[in-house]
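Structure first, then comments.
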Ligand SMILES: [Zn+2]
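Numbering (my numbering), first residue to last: 1026 to 1121.
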């Protein structure tokens, strides 16, 4: 019997559990890379603009947005298309 991708496939609960573990980080010291120019920077170095119900964080090198967060009507929207990757260091986990 050969192993194919269905042997590696999990259901949505697996990723939901991992995402739940990703809360409680001090995000300003976490690193992210711009999907536009590839520059890696700590989120604390991003250029942040408030707009309406949320904020936009932009790349300090090229100005493209990295992420957008909007809060309203009891919901949060998170747009991460501007990030190639985001690194959450366990050292940056806030106690509590
Ligand atoms: Zn950039």
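C-beta atoms are modelled at their ideal positions from N, C-alpha and C, and glycine is treated no differently.
When 1045, 1028, 1066 and 1060 are compared, the shortest CA-CA separation from residue 1104 is found for 1060. Look at residue 1057 here: in three-state DSSP terms it is strand.
In this structure, residue 1089 has its CB closer than 7 Å to one or more heavy atoms of ligand 1.
The C-beta distance from residue 1068 to residue 1057 rounds to 6 Å, short enough to meet the 8 Å contact threshold. Here the distance from the Cβ of residue 1042 to the nearest heavy atom of ligand 1 is not below 7 Å. The alpha-carbon of residue 1065 is positioned some 16 Å away from that of residue 1073.
Per DSSP, residue 1077 lies in no beta strand (DSSP E) and is assigned neither H nor E. For residue 1042, the enclosing alpha helix (DSSP H) has its first and last residue at 1037-1046. Taking all protein chains in view, the Cβ of residue 1088 is surrounded by fewer than 16 other Cβ atoms within 10 Å, so the residue is classified as exposed. Excluding residues up to 5 positions away in sequence, 1071, 1073, 1091 and 1092 lie with their Cβ nearer than 6 Å to the Cβ of residue 1082 in the same chain.
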